[in-house]
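Here the protein sequences line up with chains A and B, keeping their order. Each residue of the first sequence is one higher than the one before, starting from 1008 at the first, in our numbering. Each residue of the second sequence is one higher than the one before, starting from 1008 at the first, in our numbering. The C-beta atom is built at its ideal place from N, Cα and C for all residues, glycine as well.
2 protein chains.
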Amino acid sequence: MKPTVVREKEELRRFCNEARAQGKLVGFVPTMGALHEGHLSLMREAKRAGADFVVVSIFVNPMQFGANEDLDRYPRTFEADLEACEREGVSLVFAPTNESMYGPNFESHVEVESLTLPLEGVHRPGHFRGVTTIVAKLFNLLGPCLAVFGKKDLQQALIIERMVADLDMPVEIILAPTAREADGLALSSRNRYLSAEERERGLSISRGLRAAYDAFHQGERDVARLSALVREAIEPHADSIDYAAVVHKASLTADGDNADDLVGIVAARFGNTRLIDNCIFAEDRRP
Amino acid sequence: MKPTVVREKEELRRFCNEARAQGKLVGFVPTMGALHEGHLSLMREAKRAGADFVVVSIFVNPMQFGANEDLDRYPRTFEADLEACEREGVSLVFAPTNESMYGPNFESHVEVESLTLPLEGVHRPGHFRGVTTIVAKLFNLLGPCLAVFGKKDLQQALIIERMVADLDMPVEIILAPTAREADGLALSSRNRYLSAEERERGLSISRGLRAAYDAFHQGERDVARLSALVREAIEPHADSIDYAAVVHKASLTADGDNADDLVGIVAARFGNTRLIDNCIFAEDRRP
């Protein structure tokens, strides 16, 4: 059955309230569209967790893009996205306009403080404020639900978890594993921009994470040595590196009490395309 | 019947969900305790608007007090507050501890941008961030409800309205008129600090607002002339004035398109006590 497509906020609220009144559990997968297998795995994760009314939002949120970023060229594939949602048994697709999400006097935001500062926070100032604000709005429209976020955007996922805990939002957050191609490349809507040659060089990211993962599982806990393994694998191949490091998951910095709580995390450019990836060594599969 | 006293967040959420499941409309009056007739009028307003499960929160929120403000000496009168809630037919009193509201890693906030900058924003930096954050938390715990705020704290009330609209919170905001003594003094938990002589001088605030109100209703629309009426009434009597002005309600500054949309608004000190008051000339009763 085709998912119901909803454009208006109040209609979304009404559908979710009705679903709950029928005893259904609302599951939510927020996306910017250009859906790939990674997104579909989040929808399946929502169902596996018990959601029987799955809502997918498709909204390229201008508030989370910087002035020099790829908002205008971000891929839009709405018809294909709808078909994918239908195949996954999604109940409702919410695809609002910018105008309906941000009125002319809009001037509020939700922000998480420390966790937003390192890594992406250094390179995309304001990005996470845009993310937490739109996600808070969507949570407020949907009402109590479970929401699935991909570990591919690990810093984002950890920030959302913190926002929900700090602000007492009635949402259960589920983090789903990163989907990868057979050769290790993490799935991303931006992969379609890569030339074959850039894609080949881009594999250095998962290779670097894999090297650190292997060292971790052989007992290495030195953050500097693990970081070097990640960085040295990527440096010869990337056009530039925003960060390529091993950090503590709790702080997303080199500071932390728990020696086992380590994450390899990378953002690097190949041609004009910025790729991100990460691995929680103690928890995730080998990249 | 005595209201149920709840200390734990999840218990509050459960009671509100149960009330809604029974078809009740949850009404919410957030307070810092030290309840006076002004607060009680908000509870009655909630009932008048249809709420049949009224929740009053009593929480002196440390996040909205500055370092040099009166957090420690803010009045606490819990037993009397409970009795007042019982008399008003309040269903539930939520009185959490600081620790249960702010965990050790708390690092999130909700903020409204422009409306928080003038007036109180100049004199109490961070205050409104503390207010919007705690109110967002409480709204998230209560779920869909109507919430009543007093016009006495006009800037706060307008900021909350904006937050709810911008962030799509499922809350209907009702603004209730300022309760005054027969001689015009606006009710406030802080009035108990005033000596008889300070209280007498404090009446200059409502006198100033009244002078501007009368001029407005005789056709005066010049913001500078109206401001002078407010300020000149107070200046000889206050120990200091943070602000005493007439501003446009939409911006809370002297800038605005709508000549009728004017508010007299004051914060001034009498002895150690800081009083605030205001009047929306086209809408409120004569102060």
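C-alpha gap between residue i and residue j, whole angstroms
i, j, result
"residue 1034 (chain B)", "residue 1012 (chain B)", "16 Å"
"residue 1175 (chain A)", "residue 1229 (chain B)", "45 Å"
"residue 1248 (chain A)", "residue 1201 (chain A)", "16 Å"
"residue 1266 (chain B)", "residue 1183 (chain A)", "55 Å"
"residue 1084 (chain A)", "residue 1103 (chain A)", "15 Å"
"residue 1288 (chain B)", "residue 1233 (chain B)", "11 Å"
"residue 1251 (chain B)", "residue 1118 (chain A)", "32 Å"
"residue 1179 (chain A)", "residue 1067 (chain A)", "23 Å"
"residue 1009 (chain A)", "residue 1019 (chain A)", "16 Å"
"residue 1280 (chain A)", "residue 1076 (chain A)", "11 Å"
"residue 1271 (chain A)", "residue 1181 (chain B)", "49 Å"
"residue 1120 (chain A)", "residue 1208 (chain A)", "34 Å"
"residue 1236 (chain B)", "residue 1216 (chain B)", "8 Å"
"residue 1038 (chain B)", "residue 1050 (chain B)", "11 Å"
"residue 1061 (chain A)", "residue 1171 (chain A)", "20 Å"
"residue 1116 (chain B)", "residue 1105 (chain B)", "16 Å"
"residue 1197 (chain A)", "residue 1276 (chain A)", "11 Å"
"residue 1098 (chain A)", "residue 1155 (chain B)", "36 Å"
"residue 1273 (chain A)", "residue 1238 (chain B)", "59 Å"
"residue 1031 (chain B)", "residue 1080 (chain A)", "48 Å"
"residue 1147 (chain B)", "residue 1177 (chain A)", "7 Å"
"residue 1226 (chain A)", "residue 1078 (chain B)", "50 Å"
"residue 1054 (chain A)", "residue 1095 (chain A)", "10 Å"
"residue 1044 (chain B)", "residue 1063 (chain B)", "14 Å"
"residue 1137 (chain B)", "residue 1152 (chain B)", "21 Å"
Buried or exposed (CB count within 10 angstroms, at least 16 for buried), residue i
i, result
"residue 1129 (chain A)", "exposed"
"residue 1294 (chain B)", "buried"
"residue 1157 (chain A)", "buried"
"residue 1221 (chain A)", "exposed"
"residue 1224 (chain B)", "exposed"
"residue 1110 (chain A)", "exposed"
"residue 1088 (chain A)", "buried"
"residue 1189 (chain A)", "exposed"
"residue 1112 (chain A)", "exposed"
"residue 1015 (chain B)", "exposed"
"residue 1028 (chain A)", "exposed"
"residue 1025 (chain B)", "exposed"
Where the beta strand (DSSP E) through residue i begins and ends
i, result
"residue 1296 (chain A)", "Residue 1296 (chain A) lies beyond the residue range present for chain A, which begins at 1008 and ends at 1294; the question has no answer from this structure."
"residue 1064 (chain B)", "1060-1065"
"residue 1273 (chain B)", "1269-1277"
"residue 1012 (chain A)", "1011-1013"
Limits of the unbroken alpha helix (DSSP H) element including residue i
i, result
"residue 1259 (chain A)", "Careful: residue 1259 (chain A) lies outside any alpha helix (DSSP H) and carries neither H nor E."
"residue 1040 (chain B)", "Where residue 1040 (chain B) is concerned, there is no enclosing alpha helix (DSSP H), given that its DSSP letter is neither H nor E."
"residue 1221 (chain A)", "1203-1224"
"residue 1045 (chain A)", "1044-1055"
"residue 1164 (chain A)", "1161-1173"
"residue 1020 (chain B)", "1016-1028"
"residue 1238 (chain A)", "1230-1241"
CB-CB length for residue i against residue j, believed under 8 Å
i, j, result
"residue 1042 (chain A)", "residue 1091 (chain A)", "5 Å"
"residue 1282 (chain B)", "residue 1212 (chain B)", "6 Å"
"residue 1159 (chain A)", "residue 1185 (chain A)", "4 Å"
"residue 1114 (chain B)", "residue 1122 (chain A)", "7 Å"
"residue 1240 (chain A)", "residue 1214 (chain A)", "5 Å"
"residue 1210 (chain B)", "residue 1192 (chain B)", "6 Å"
"residue 1126 (chain A)", "residue 1162 (chain A)", "6 Å"
"residue 1286 (chain A)", "residue 1150 (chain A)", "Wrong, their Cβ atoms sit about 34 Å apart, outside the cutoff."
Coil, strand or helix - residue i by DSSP
i, result
"residue 1183 (chain B)", "strand"
"residue 1150 (chain A)", "coil"
"residue 1102 (chain A)", "coil"
"residue 1084 (chain A)", "coil"
"residue 1116 (chain B)", "strand"
"residue 1109 (chain A)", "coil"
"residue 1156 (chain B)", "strand"
"residue 1198 (chain A)", "helix"
"residue 1282 (chain A)", "strand"
"residue 1297 (chain A)", "As shown, chain A starts at 1008 and ends at 1294. That puts residue 1297 (chain A) outside it, with no answer to give."
"residue 1072 (chain A)", "coil"
"residue 1135 (chain B)", "helix"
"residue 1143 (chain B)", "helix"
"residue 1245 (chain A)", "coil"
"residue 1191 (chain B)", "coil"
"residue 1289 (chain A)", "coil"
"residue 1251 (chain A)", "strand"
Any non-hydrogen atom of the ligand MN within 6 Å of residue i CB
i, result
"residue 1068 (chain B)", "In terms of ligand content, the structure shown is empty, and the ligand MN therefore cannot be addressed."
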